[in-house]
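Have a look at the structure below, then the notes.
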Amino acid sequence: MKRADHYGMKFTVWVRNLIAANLTHQPIMTEQQIVELRAANRELASIGRNLNQIAKAMNQAVDLKVRDRVNYDHIVELQAGIEKQKKAIYKIVSESNSVWQVK
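In the working numbering, the protein residues as written are -7 to 95.
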């Protein structure tokens, strides 16, 4: 009952989620985890838009001066952002599995 209260759930919802998570071996997200996943998805979408803009600029660049402005550092920065979000998502899913004691 303490764990259900800790996650802001009714005891019956907690038990149902615990059983479902262990039977399906799929993460069951708490409301807070869903909020965090949505934020991570928004961040990844933003990174994707930035990559599309870079690709478009590179494809439309007639001279190398424009291409030089979009350099390796920009791509490395975006890659770091992607890795950060992937780690955040992995952490949320791992925490969910740990909440429900899924192995």
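Glycine included, each C-beta is placed from N, C-alpha and C at the ideal position.
What number of angstroms, rounded off, separates the C-alpha of SER86 from the C-alpha of GLN52?
Indexing the sequence shown from 1 puts residue 86 at position 94. Indexing the sequence shown from 1 puts residue 52 at position 60. Going from the Cα of SER86 to the Cα of GLN52 covers about 42 Å.
| said: Please classify ILE11 as buried or exposed, where buried requires at least 16 neighbouring CB atoms within 10 angstroms. | reply: As a working mapping, residue 11 is identified with position 19 in the sequence shown. So ILE11 counts as exposed.
Sequence-distant residues of its chain with Cβ nearer than 7 Å to LYS2 (five each side left out):
Locating residue 2 in the sequence shown gives position 10, where the first residue counts as 1. So the qualifying residues of the chain are ALA(-4).
- prompt: In terms of residues, what are the limits of the alpha helix (DSSP H) holding LYS76?
  reply: Translated into positions along the sequence shown, residue 76 becomes position 84. Unbroken alpha helix (DSSP H) run through LYS76: 64 to 91.
So what's MET50 in DSSP terms, helix, strand or just coil?
-> In the sequence shown, the residue the question calls residue 50 occupies position 58. The answer is helix: DSSP assigns MET50 an H, G or I state.
Quiz item: Are TYR(-1) and VAL91 touching if we call contact CB-CB under 8 Å?
Solution: Mapped onto the sequence shown, residue -1 falls at position 7. Mapped onto the sequence shown, residue 91 falls at position 99. Taking 8 Å as the Cβ cut-off, TYR(-1) and VAL91 qualify as a contacting pair.
GLY40 versus LYS83 - alpha carbon distance = Numbered from 1 along the sequence shown, position 48 holds the residue referred to as residue 40. Numbered from 1 along the sequence shown, position 91 holds the residue referred to as residue 83. Computed Cα separation, rounded: 21 Å.
>> For the alpha helix (DSSP H) containing THR22, name the first residue and the last one.
In response: Here the question's residue 22 lines up with position 30 in the sequence shown. Taken as a continuous stretch (DSSP letters only), THR22 belongs to no alpha helix (DSSP H), as it is neither H nor E.
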